[in-house]
């Protein structure tokens, strides 16, 4: 009987360890943390030429779609299409819509100055696209991949660059918003152009 309980405890411990390393589980936990206690983040907004408009920082920051601006269908059901962001900073609230916005959790570094403004990627190796997509999807959900994120304003002006060893991209409930998990840290991109490269491709 003792051996049975020991095996069960071992299996549970291994399962918890595997799940703890899973990017999707870490992303869920990060969202829960943001909802319940907020994250230490800096939010910056930019004009179309990537010039900083304003900046706010806080130890308890969260961001979501402002549901008050959702349109409704003929039956009165929300379409979930509001483009207005509701930013909670401590006990204060900020509504934002329109200009490009990047929210960065403390610990992520903008590497923009360390990379060229234009990235060139060249790969002549033969590959099977459908298999590459399957492998990328698996890595996105479970392990993350080493990536470089080049962010541009809405007119294509370079704005910021982030990189990490374990990077995963997730959809947000707010339109025109993307969420990334970069080495366990949250990056939120709103109304920006961006390209996410496998880091190996840029290091060739």
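Residue numbers (mature numbering (1 follows the signal peptide of the UniProt record, and there is no 0)): -20 to -1, 1 to 184. Glycine included, every Cβ here is placed at the ideal spot set by N, Cα and C.
Quick check on residue i: does DSSP put it in helix, strand or coil?
i: residue 181; result: helix
i: residue 12; result: helix
i: residue 85; result: strand
i: residue 31; result: coil
i: residue 4; result: helix
i: residue 55; result: coil
Exposed or buried, which one is residue i when buried takes at least 16 other CB atoms within 10 Å?
i: residue 33; result: exposed
i: residue 26; result: buried
i: residue 11; result: buried
i: residue 72; result: exposed
i: residue 159; result: buried
i: residue 169; result: buried
i: residue 56; result: exposed
i: residue 144; result: buried
i: residue 54; result: exposed
i: residue 84; result: buried
i: residue 62; result: buried
i: residue 17; result: exposed
i: residue 3; result: buried
i: residue 39; result: exposed
i: residue -7; result: Low confidence applies here, because residue -7 scores a pLDDT of 44, under 50, leaving its location unreliable and the question unanswered by this model.
Can you check which of these residues, the options, is closest to residue i by C-alpha distance?
i: residue 28; options: 3, 164, 163, 131; result: 131
i: residue 5; options: 170, 84, 148; result: 148
i: residue 7; options: 151, 24, 53; result: 151
i: residue 199; options: 37, 129, 20; result: Because the chain in this structure spans residues -20 to 184, residue 199 falls outside the shown range and cannot be described.
i: residue 76; options: 160, 167, 57, 47; result: 47
i: residue 156; options: 20, 56, 60; result: 60
i: residue 161; options: 142, 171, 175, 179; result: 142
i: residue 37; options: 64, 51, 53, 19; result: 19
i: residue 65; options: 58, 164, 49, 30; result: 49
i: residue 137; options: 30, 2, 39, 81; result: 30
i: residue 133; options: 21, 63, 182, 81; result: 81
i: residue 74; options: 51, 43, 58, 14; result: 43
i: residue 21; options: 70, 180, 58; result: 70
i: residue 13; options: 135, 166, 58; result: 166
i: residue 125; options: 171, 58, 79, 179; result: 179
I'd like to know whether the C-beta of residue i is nearer than 9 Å to at least one C-beta of chain C.
i: residue 20; result: In the displayed structure, chain C is absent; only one protein chain is listed.
Can you round the beta-carbon distance between residue i and residue j to whole angstroms, since I take them to be within the 8 Å contact cut?
i: residue 45; j: residue 154; result: 4 Å
i: residue 90; j: residue 140; result: 5 Å
i: residue 146; j: residue 177; result: Contact doesn't hold; Cβ gap of about 15 Å is too wide.
i: residue 88; j: residue 68; result: Not really, about 20 Å apart at Cβ, beyond 8 Å.
i: residue 171; j: residue 51; result: The pair is not a contact, with the Cβ atoms about 18 Å apart (cut-off 8 Å).
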